[in-house]
Amino acid sequence: MVSLLPRVPYLASLPKPASSSLRPPPPAMSSSPSAVAAAAAGAEAAARPRKLPVLLFDVMDTLVRDPFYHHIPAFFKMSMKELLESKHPTIWSEFEKGLIDENELAKRFFNDGRSFDLEGLKECMVRAYEYIDGIEDILCCLKKNNYEMHAFTNYPVWYKLIEDKLELSKYLSWTFCSCRTGKRKPSPDFYLEAVDHLNVDPASCIFIDDSLKMLRLYGRTCVLWELNYLLLSLTVKHKYNKVDFSA
């Protein structure tokens, strides 16, 4: 669970915002009035400078409570230690990378091959999914201020269960989810692929995570803000390194 008390963030230098001058072609004369209006709105949005930095969010225990540490052991009536000793050592990471589906997960989840109620496990997880306290207000504020936001997270196809319950896509795109890319943090390739896809300089991305360990692993390639410091900057309109998230 993320503490809301501010801690010193791990940061790199931030470049001056860049802008894009690309415009889509004008709508055809034969288009309907509604289509013309929609195209004009799209052209106007494209003509505006791209707001930087782009924000890349870890999801579990950064935006959404992760059921793994408490709810899942309780579902299996085990301690966390017992669960870790009983489950297949790589099965979850394979599931997160999209290498196996949920049926294969169920078959191989335990080392001894025991069966379990897969649907019951999913229902347990859905009940546990909820926004970290205060996070939805933060995301709403960033969205209103036109920040481009993407998930950058290790999670299996069950991210759709989170989406169905919390509608996280109201605020950000699930662009970089490990099950879709086949890569997991802390792989440098995962981050570099994201930067290439976004077509931005690495220093024009901010990676937000609840784990300082994960932040430091990416510390040489992108600007990093610890979640606690982002909360502080929005709450008190604090400016740091020329980034004011409240504006």
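If you're matching positions, the sequence shown starts at 5 in our numbering and goes up one per residue.
Cβ coordinates follow ideal geometry from the N, Cα and C atoms, glycine included.
Here the structure is a predicted model, which means the values were calculated and not measured.
Item, Value
"Within 8 Å, strictly: CB atoms of residue 161 and residue 102", "yes"
"Residue 53 classed as buried or exposed, judged by whether at least 16 other C-beta atoms fall within 10 angstroms", "exposed"
"Three-state secondary structure (DSSP) of residue 178", "strand"
"Inter-stretch contact (C-beta, 8 Å, three-pair minimum) for the region 85-101 and the region 109-122", "yes"
"Cβ pair count under 8 Å reaching 3, the region 179-192 against the region 157-171", "yes"
"Whether residue 169 touches residue 133 by CB criterion (8 Å)", "yes"
"Buried/exposed call for residue 209, threshold 16 Cβ in 10 Å", "buried"
"Cα-Cα separation between residue 138 and residue 61, rounded to whole angstroms", "15 Å"
"Sequence-distant residues of the same chain with beta carbon closer than 8 Å to residue 163, five excluded per side", "63, 155, 157, 178, 181, 183"
"Classification of residue 99 by the beta-carbon crowding that lies within 10 angstroms, buried from 16 upward", "buried"
"Contacts around residue 198, its chain only, beta-carbon distance under 7 Å, and the 5 residues preceding and following it disregarded", "60, 156, 180"
"Exposure of residue 211, with buried meaning 16 or more beta-carbon neighbours within 10 Å", "buried"
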